[in-house]
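Under mature numbering (1 follows the signal peptide of the UniProt record, and there is no 0), the residues of the sequence shown are numbered -26 to -1, 1 to 731, in order. For every residue, glycine included, the Cβ atom is placed at its ideal position computed from N, Cα and C.
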Amino acid sequence: MRSVHSRLRRVIAAAVLLLIMTDVHKSLQAQAATSSDFTAEQQSNTVKFLQRFMSGATGLQSTWTGTGFCRWPGVTCLDDATVKVDLSSHALGPSVTLQELGDDIDGSQVMVRELRISNQHASLSGTLPESWSSLAQIHVIELEHNEISGTLPASWCSMTALTGLYLTRNTLTGSLPAAWACMAALKELRLSANSLSGTLPASWVSMGSLELLNLLNNAISGSLPTSWSSMEALSRLYLNTNRLSGPLPAAWSSMTSLRTLALYENSLSGTLPVSWANMGSIETLSLSANTLFGTLPAEWGEMTTLRTLSLGNNTLSGALPAEWDRLSSLSSLTLSFNDLSGSLPASWGTAPTLSTVSLNGNAFCGCVPEQWASLVLFADDWMGADDCATTNVCGSGDGALSLEQSNTLKFLRALRSGSADLQGVWTGSNYCAWTGITCTAGGIELDLIDFPLTSSMTLPELSESIDGSLVALTNVRICNADTKVSGTLPASWGRLAKMQSVDLHGNAISGTLPAAWGGMTSLTTVYLDTNQLSGPLPAEWTAMRSLRTLMMMANALSGSLPAAWGSMSGLGTLDLGSNSLSGTLPAEWSSMGSLHIMTLSSNKLGGSLPEAWGSLPAQAFVFLTSNAFCGCVPASWLSLTVSVDASVTAAACATENDCAASASSSSLSPSESAAPTTAPSSPPPSAKPSGRSLTVLWAVLGALGGCLIIGVAVVLVLWHRCRAPTSITSPKGEDEASTDPYTESNEPFSSARSEAV
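What follows is the structure in structure tokens.
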């Protein structure tokens, strides 16, 4: 037994010795003898190249000595008389830069085949040397994770032997050199995580050997070059996280070697090309976070090599194609946060390799099919609810939403994103059943007057994917005594062509009045009073031809009264009181032929009262107190009920309140230049100026009661607006069930993705 153990030990020792001798032999073989494997010119130029770099690398100066560079740390001489330099794990020193070759170095005789100096971070900086273009022997340059800056040298196209160029995670800027198209031997190019800009060079199609191109996380813009469809060797292409725009080129279907295509986080638009079904080798296709629209092509079911497909965070619509159950290699599918709708195809549950499906943030109806039981499914909770068959009914056909339903749903989803409270209750498939929403034959009404908001709410802008003309919302009322709507008025709401009433009074909305709201030509009532709005009155609002009531008192509006508003012939009630409006009363406003009540009190208005206003509708009520008007109430105003300051009704108003004198003392405030009356008065002026004092007395006594009644009525109406619905159309009965298959997710927007990088 002892002899067996002894023989075993001798065998093991012999084996170890053999391995050691083999390694030594390989090492000696790899170490080229300077005299036999390099010419004197090759040795001289290679030493100079390495020494020039070493001159700034203090960490190498003590070890890179003499001329026997084959023995220097990080330097390996290969048996084909070339040199491999790998300093990625060496400490070079605090501040090292890449050096130009200099006139004394012949680049064609520098025998460095591979140069790898990565992970030095701030220790390696400077720019890429132009003169390196003469390094005829170089095959690989790897300078990743450093602080190299500047641009990509166009002259490097002369490195015709280069097969791999790796410059990821530096601070490079500028554009991609079109001249690099002559790098015919280049197989791998990594330029990701820099600050490169410009467009993708169409000329790079000449890189016939290129297999990997990684440009992710830069600032590259422009469109995808159609010509790249001829890059037959390209198998991995990463262009994600840039600023690319335009459509997906249908011609790219001829890139038959392409296995990975990452285009997510750009601004690409258009539809999914049907022709891409011919990408015979594609395994990973990532198109998430763009602005792609249209339907999912049924033809893509022929992409039998596809393993991962990511289409989330776009505006894709329509139903899920049953034909995709033929994706025999697909394991992961992401369709989250689109506008997809309809029922879930049961046949997808039988796809042989499908394991993970993300569908949340869409508008699907019905329930999760039992055939999907083995899948890892990320979907909205209501799709798996016990009552999904009754509360999430698909209706007729495939259950896909109409364009009007889809756009309305997108708008409500955007509105929900501005309120943490709504995110918790606006769930389910039928938004007609959501709290505060009433669906009628005339449209959708939103009334959150009694909804218990616990946190502030903001109003969203409409994304470009929302067609405002197809949003069915007609009435919005959000005024809550406890919690305020803040932020600004979204200008893009001007695209809501069907909107009839907006009531946002009593909130904390700031900013200016959007001129674009003139586009809401169906608008009849606007309540924006008691907010923090500022700026001028938009002349563009004259386009609101249907407007009947406009309430904007108690804000900080300024500027003059737009003369163009005189064309608002349908306006019946206008309240601009308690603002900072200035200037004079436009004579053009006399054309407001439907006016019943106008309030301009407590502003900074001045000048004379226009004679033309006498043509306003008889018995119209005009409130002008606490301003700085001069002169007298015109005789033409006899038919109006007016509340003004005593200065324009006094017997001597023509002399004591003369407009010329008022102009000379315009620096005085309204309270200094005209003391307001203690009670509202609306004196109808006499036809004869000599009887002005009697007319004023009659006006005060006769109109006081009427104005008091109207004032009380206005207060009651304003208070009541937050207690009773102001619906334009009749609400549906309590027993009227909605049959519209509207769906919505209860998840906030998520940008989390699993992408190949």
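Please report the distance separating the alpha-carbon of residue i from that of residue j.
i    : j    : result
S460 : L487 : 14 Å
A207 : T134 : 18 Å
M130 : T145 : Note that residue 130 corresponds to Trp in the displayed sequence, not to Met. For W130 and T145, the distance between alpha carbons rounds to 18 Å.
R522 : T547 : 7 Å
Q593 : P608 : 16 Å
A661 : N577 : No answer about A661 holds up, because its pLDDT of 30 lies below 50 and its placement is not dependable.
W425 : I411 : At residue 425 the sequence reads Phe, which differs from the Trp that was named. Roughly 11 Å between the two C-alpha positions.
A471 : C413 : 17 Å
T448 : I571 : 25 Å
G124 : G148 : 8 Å
T245 : F23  : 53 Å
D503 : S391 : 25 Å
G292 : L463 : 32 Å
L139 : R469 : 50 Å
N529 : P512 : 15 Å
P663 : T629 : Note that P663 scores a pLDDT of 33, beneath 50, so its modelled location is shaky; the value from the coordinates is reported in the next line. About 13 Å.
M527 : G480 : 10 Å
M277 : T234 : 13 Å
L184 : F43  : 33 Å
S543 : G567 : 5 Å
F603 : T409 : 49 Å
V670 : N553 : Residue placement at V670 cannot be trusted, given a pLDDT of 35 that sits under 50; the coordinates are not used to answer.
T558 : L535 : 7 Å
I115 : A465 : 52 Å
P326 : E257 : 16 Å
A56  : L280 : Correcting the residue identity first, residue 56 is Thr in this sequence and not Ala. Whole-angstrom Cα-Cα distance: 42 Å.
D632 : L583 : 12 Å
S1   : A159 : Note on S1: pLDDT 45, under 50, position unreliable in the model; the coordinate value appears next. So the two alpha carbons sit approximately 29 Å from each other.
S508 : G220 : 39 Å
W154 : L307 : 37 Å
Our contact map puts residue i next to residue j with C-beta atoms below 8 Å; I'd like the distance itself, whole angstroms only.
i    : j    : result
R451 : L420 : 7 Å
L433 : D395 : Actually they are not in contact, since the Cβ atoms of L433 and D395 sit about 14 Å apart, beyond 8 Å.
S92  : N120 : 7 Å
S203 : W226 : 5 Å
L259 : L222 : Not really, about 10 Å apart at Cβ, beyond 8 Å.
S108 : S132 : 7 Å
M157 : L186 : Actually they do not touch by this definition, with Cβ atoms about 13 Å apart.
I194 : N214 : Contact doesn't hold; Cβ gap of about 11 Å is too wide.
As a quick exercise: from the options, pick the residue whose alpha carbon is nearest that of residue i.
i    : options                : result
E273 : P510, W250, V86        : W250
C606 : A626, L614, T13        : A626
I418 : K384, Y212, I256, M473 : M473
S430 : A482, A602, R281       : A482
A236 : L198, S568, A528, I423 : L198
L436 : V476, V399, L389, H479 : L389
V618 : F267, S575, T37, E88   : S575
V622 : G581, N312, L184       : G581
S209 : L232, S305, A31        : L232
S329 : A465, M542, L422, V350 : V350
G588 : N601, L614, C44        : L614
T516 : E88, M494, W400, I423  : M494
L318 : A620, N334, T327       : N334
Q379 : G398, I423, I440       : I440
T382 : Y405, M181, V399       : Y405
I423 : P151, V476, E162       : V476
S177 : N191, L170, M205       : M205
P68  : S36, W38, A31          : A31
G533 : G81, S305, S556        : S556
Going by the DSSP bridge assignment, what does residue i pair with across the sheet?
i           : result
S195        : R217
M253        : Bridge partners of M253: none, in fact.
N449        : E419, S475
residue 795 : For the chain, the structure presents residues -26 to 731; residue 795 sits outside this window and is missing.
V596        : M572, V616
E162        : G138, L186
N120        : H95
T547        : T523, I571
A602        : G580
K58         : T50, E88
V399        : Bridge partners of V399: none, in fact.
S291        : D313
Regarding residue i and the ligand ZN, is the C-beta to nearest heavy atom distance less than 8 Å?
i    : result
N252 : Among the components modelled here there is no ligand, and therefore nothing to report on the ligand ZN.
The region 44 to 51 / the region 97 to 112 touching (three or more Cβ pairs under 8 Å): The region 44 to 51, when compared against the region 97 to 112, does not touch it at the 8 Å Cβ threshold.
Do three or more CB pairs link the region 243 to 257 to the region 334 to 351 at distances below 8 Å? They do not touch, by the three-pair rule.
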